[in-house]
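Novice:
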Amino acid sequence: MTATPPAFTPPAEPVPAHGVDLLRDMLRIRRFEETCAELYSATKIHGFLHLYIGEEAVATGTLRALGPDDAIVATYREHGHALLRGVGAEALMAEMFGRSGGCCRGRGGSMHVFDAATRFYGGNAIVAGGLPIAVGLALADRMLGRDRVTACFFGEGAMAEGEFHESLNLAALWKLPVLFLCENNHYAMGSALELTESETNLTLKAASYEVPAWSVDGMDVVAVEREARRAVLAIRGGGGPVFLECQTYRFRAHSMYDPDLYRDRAEVAEWKEQHDPIDLLAARLRAQDMLDDATLERIEAEIAAELEAAVAFAEASELEPVEDLARDVYAGDGA
Ligand SMILES: Cc1ncc(C[n+]2csc(CCOP(=O)(O)OP(=O)(O)O)c2C)c(N)n1
């Protein structure tokens, strides 16, 4: 099985004025995760770790289209989404370490990042588990008369789960303000899309629920932002949910445990060399005289300093004391 890069036309549109900010956002995700991979190998981070490297344009472009009151639901590959949403690098890194300074006091770890203050509702380890949560959040917003959108990220593997179908059906029936964002990286763990889905046209599946659905090149952050804005506009206009498929690729294995034996090396190399979202945007910015070496070096230095501080914070943060372990587990006095 192979995952051929999307046959979208090469970007002709100019990069918008905030193009360098988009580059910075993607670099923050990538450097954060590269640091996490090193710390995992150094056994500072434990448990599972699923990296988003290669897919940065999806979170970066879509989050730009959302406002601070909108909600976000993501998967276990969610560190970048949390970072850009405003969960601080220190609280996020401490969470990765399982320390009490983490945004969930270290109880969630890599797969369960959660931050109510930024309306970031996970970090969900169950494939497709976030979709019904997103529908519920959107229903609550509707019932409370709040003009908000819930953006729900999930992999294409989630579309073979019952929860996908239940969620699309109800969201469409009740015209709920949900942006369903499929991060199609072509593989669900070691299973290529063609091996798990009878219908590989994902937008068709969503459209069968009367949900407007279309695809975008998920390696082109400018296009992702443009299409996400279009989708959010339609949702805010009261049209009900939208399904946006972002065709992307993960450059790393499924998780740190995965030997990645199911993908052709040449395929991985082609995506990395020709479709890296960061390289692609940097080249376009340079061609438009919006980026030079000094600017890039300054951005990299700022991110390196941010990460150094985040790691120092996580290292210094304590484990939750044993006597607090039952806290928040049971309600009431147990009588
Ligand atoms: C309900 C459920 N079944 C199986 C798993 C094991 N599992 C973890 S990740 C994964 C693949 C999911 O692929 P996809 O949804 O495409 O997301 P990706 O990892 O590619 O981002 C599976 C099967 C799980 N976590 N939850």
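Read in my numbering, the sequence shown has 1051 at position 219, and its numbers run on one by one without any break.
Idealized CB from N, CA, C, for every residue including glycine.
Closer than 6 angstroms to a non-hydrogen atom of ligand 1 - does that hold for the CB of V959?
Specialist: Flag set: Cβ of V959 near ligand 1.
Novice: Closer than 6 angstroms: is that where the CB of I994 sits relative to any heavy atom of ligand 1?
Specialist: The residue asked about is misnamed: residue 994 is Gly in this sequence, not Ile. No, since every heavy atom of ligand 1 falls outside the 6 angstroms radius drawn around the Cβ of G994.
Novice: Would S873 be called buried (16 or more neighbouring beta carbons within 10 Å of its own) or exposed?
Specialist: The residue in question, S873, is exposed, as its Cβ has fewer than 16 Cβ neighbours within 10 Å.
Novice: Indicate, with yes or no, if ligand 1 has a heavy atom lying under 6 angstroms from the CB of G879.
Specialist: G879: no, Cβ never under 6 angstroms from ligand 1.
Novice: DSSP three-state label for Q1120, please.
Specialist: Residue state, collapsed to three classes: coil.
Novice: So what's T982 in DSSP terms, helix, strand or just coil?
Specialist: Strand, per DSSP.
Novice: Within 10 angstroms of its Cβ, does G918 collect 16 or more other Cβ (buried), or is it exposed?
Specialist: Exposed, because fewer than 16 other Cβ atoms sit within 10 Å of the Cβ of G918.
Novice: Using the Cα positions of A1101 and R1084, report the straight-line distance between them to the nearest angstrom.
Specialist: Rounded to the nearest angstrom, the two C-alpha atoms are 11 angstroms apart.
Novice: Would DSSP call A1045 helix, strand or coil?
Specialist: Here A1045 sits in strand by DSSP.
Novice: Going by CA-CA distance only, name the one from A1045, L1036, A926 that's closest to A1141.
Specialist: It is A926.
Novice: Could you check if A990 belongs to the surroundings of ligand 1, using beta carbon to heavy atom distance under 6 angstroms?
Specialist: At least one heavy atom of ligand 1 is nearer than 6 angstroms to the Cβ of A990, so yes.
Novice: Helix or strand or just coil, what does DSSP make of I904?
Specialist: Residue state, collapsed to three classes: strand.
Novice: Anyone know if the C-beta pair for P964 and E1015 falls short of 7 angstroms?
Specialist: Contact flag unset, no.
Novice: Can you grab the Cα-Cα spacing for the pair T907 / M943, in whole Å?
Specialist: Approximately 7 angstroms, taken between the alpha carbons.
Novice: Taking E1059 as part of the alpha helix (DSSP H), name the residues at either end of that continuous run.
Specialist: Residues 1053–1066.
Novice: If you draw a straight line from the alpha carbon of L1002 to that of E910, how long is it in whole angstroms?
Specialist: Using only the alpha carbons, I get a separation of about 25 angstroms.
Novice: Could you give the first and the last residue of the continuous beta strand (DSSP E) run that contains L1076?
Specialist: That run of the beta strand (DSSP E) goes 1074–1079.
Novice: With a threshold of 16 other CB atoms inside 10 Å of the CB of E1077, please say whether the residue is buried or exposed.
Specialist: E1077 comes out buried.
Novice: Along the chain, where does the alpha helix (DSSP H) containing E1015 start, and where does it finish?
Specialist: Element bounds for E1015: not the alpha helix (DSSP H) but the beta strand (DSSP E), 1010–1016.
Novice: Among residues of its own chain, excluding the 5 on either side of F1151, which ones have a beta-carbon nearer than 8 angstroms to its beta-carbon?
Specialist: Checking the sequence shown, residue 1151 turns out to be Leu, not Phe. Same-chain partners within the cutoff: G930, R931, S932, G938.
Novice: Would you mind reading off the limits of the alpha helix (DSSP H) that contains A957?
Specialist: From DSSP, A957 is part of no alpha helix (DSSP H); its letter is neither H nor E.
Novice: Tell me whether R1062, by its Cβ, gets closer than 6 angstroms to a heavy atom of ligand 1.
Specialist: Because no heavy atom of ligand 1 lies under 6 angstroms away, the Cβ of R1062 does not count as near it: no.
Novice: Nearest-angstrom Cα distance between A1168 and A1146?
Specialist: Only positions 833 to 1167 of the chain appear in the structure, and residue 1168 is not among them; the question remains open.
Novice: Locate the alpha helix (DSSP H) running through I861, then write down its first and last residues.
Specialist: Run containing I861: 851–873, per the alpha helix (DSSP H) assignment.
Novice: Is the distance from the Cβ of A835 to the Cβ of H1018 below 7 angstroms?
Specialist: Against a cut-off of 7 angstroms, the Cβ pair of H1018 and A835 comes out as a contact.
Novice: Could you check how far apart the C-beta atoms of A1004 and G893 are, in whole angstroms? I think they sit under 8 angstroms.
Specialist: 24 angstroms between Cβ atoms; not a contact.
Novice: Less than 6 angstroms between the CB of G1095 and some heavy atom of ligand 1, yes or no?
Specialist: Per the sequence shown, residue 1095 should be read as Arg rather than Gly. It does not: the Cβ of R1095 is nowhere closer than 6 angstroms to a heavy atom of ligand 1.
Novice: Using alpha carbons as the reference points, say which of L1123, V905, L855 lies closest to L1013.
Specialist: Considering only alpha carbons, the answer is V905.
Novice: From A1136 to A1126, what distance separates their C-alpha atoms?
Specialist: Their Cα atoms are separated by approximately 15 angstroms.
Novice: According to DSSP, is A990 helix, strand or coil?
Specialist: DSSP places A990 in helix when its eight states are reduced to three.
Novice: Which of helix, strand or coil does DSSP assign to S999?
Specialist: Correct three-state label for S999: helix.
Novice: Consult DSSP for D1156 and reduce its assignment to one of helix, strand or coil.
Specialist: It is helical.
Novice: Taking just the CA atoms, how far does E1057 sit from N1033?
Specialist: Each residue's alpha carbon lies about 22 angstroms from the other.
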